[in-house]
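Each remark here refers to the structure printed beneath this line.
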Amino acid sequence: MRVNPIKSKSGGILLPNLFQLAYVTTDMEQAKKKLGEQFGVEKWQEIPIFDTKPGSKVRLANAYIGDVMLQLFQVVSGEDGSIWHNWQPAPGQLMRFHHIGHMLFDDEEWQHILSEIERLKYPIVMRGNHKNFEEYIYIDTRELLGHYLEYIYCRPEGRVFFDELRKPE
33 MRVNPIKSKS
43 GGILLPNLFQ
53 LAYVTTDMEQ
63 AKKKLGEQFG
73 VEKWQEIPIF
83 DTKPGSKVRL
93 ANAYIGDVML
103 QLFQVVSGED
113 GSIWHNWQPA
123 PGQLMRFHHI
133 GHMLFDDEEW
143 QHILSEIERL
153 KYPIVMRGNH
163 KNFEEYIYID
173 TRELLGHYLE
183 YIYCRPEGRV
193 FFDELRKPE
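Numbering (this note's numbering), first residue to last: 33 to 201.
Listed below in structure tokens is the structure:
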């Protein structure tokens, strides 16, 4: 399912192929519990803790509500200045909105987004890939929108991974 197909009227970089809303939390278990109680989120896909830099670790969990994925990040250790470390919830706040994720499926879509990022001159704060799984890029739109924007160029292996969570148990 594609929410706001990229070939819509706007053709811009905000909300084409919307697929994800992401939050940073200080307590993963409590955040998952509250999202379950308040919004019925039950099935979570846990990602192993990973290093953002040596000595800095992040925990990640994904869940779907309909066609939109919720993603939670929790900094486990370290202070590396990454986009998760520098965007923590305020004291007393369980979660803080972090980014909107957009999923792209072909070279034309990916190249369009990259050229729009360059044209609009948004700072790229993180860019990388996970082998044959996906390419990703985060841009800093906090000044205008109050959060980051993420774009994922999803390869076939990545589609399998993301679709796995949608399967009934």
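Note that CB positions come from ideal geometry on N, CA and C, so glycine has one too.
Sub-8 Å separation of isoleucine 171 and proline 155 beta-carbons: To locate residue 171, count along the sequence shown from 1; it is residue 139. To locate residue 155, count along the sequence shown from 1; it is residue 123. The Cβ atoms of isoleucine 171 and proline 155 lie closer than 8 Å to each other.
Within-8 Å CB hit, arginine 91 to chain B: Here chain B cannot be found, since the structure has a single protein chain.
Cβ shell of isoleucine 97 (< 7 Å), same chain only, five flanking positions each side left out: The residue given as residue 97 occupies position 65 in the sequence shown. If you ignore the 5 residues before and after isoleucine 97, its C-beta comes within less than 7 Å of the C-beta of Phe71 and Val73, all in its own chain and listed in chain order.
For tryptophan 142, the three-state DSSP class (helix, strand or coil): Here residue 142 refers to the residue found at position 110 of the sequence shown. Judged by DSSP in its simplified three-state form, tryptophan 142 adopts helix.
Rounded straight-line distance, which links the Cα of methionine 127 to that of proline 121: Against the sequence shown, residue 121 aligns to sequence position 89. Against the sequence shown, residue 127 aligns to sequence position 95. Taking the straight line from one Cα to the other gives about 5 Å.
Valine 56 classed as buried or exposed, judged by whether at least 16 other C-beta atoms fall within 10 angstroms: Indexing the sequence shown from 1 puts residue 56 at position 24. Counting other Cβ atoms within 10 Å of its Cβ, valine 56 reaches 16 or more and is therefore classed as buried.
Local conformation of valine 56 per DSSP, three classes: Working through the sequence shown from its first residue, we reach residue 56 at position 24. Here valine 56 sits in strand by DSSP.
Straight-line Cα distance separating valine 107 from lysine 64: As a first step, residue 64 is located in the sequence shown; it is residue number 32 there, counting from the start. As a first step, residue 107 is located in the sequence shown; it is residue number 75 there, counting from the start. One C-alpha to the other measures close to 15 Å.
Where lysine 64 falls: helix, strand or coil (DSSP): Within the sequence shown, numbered from 1, the residue matching residue 64 stands at position 32. Assigned with DSSP and collapsed to three states, lysine 64 falls in helix.
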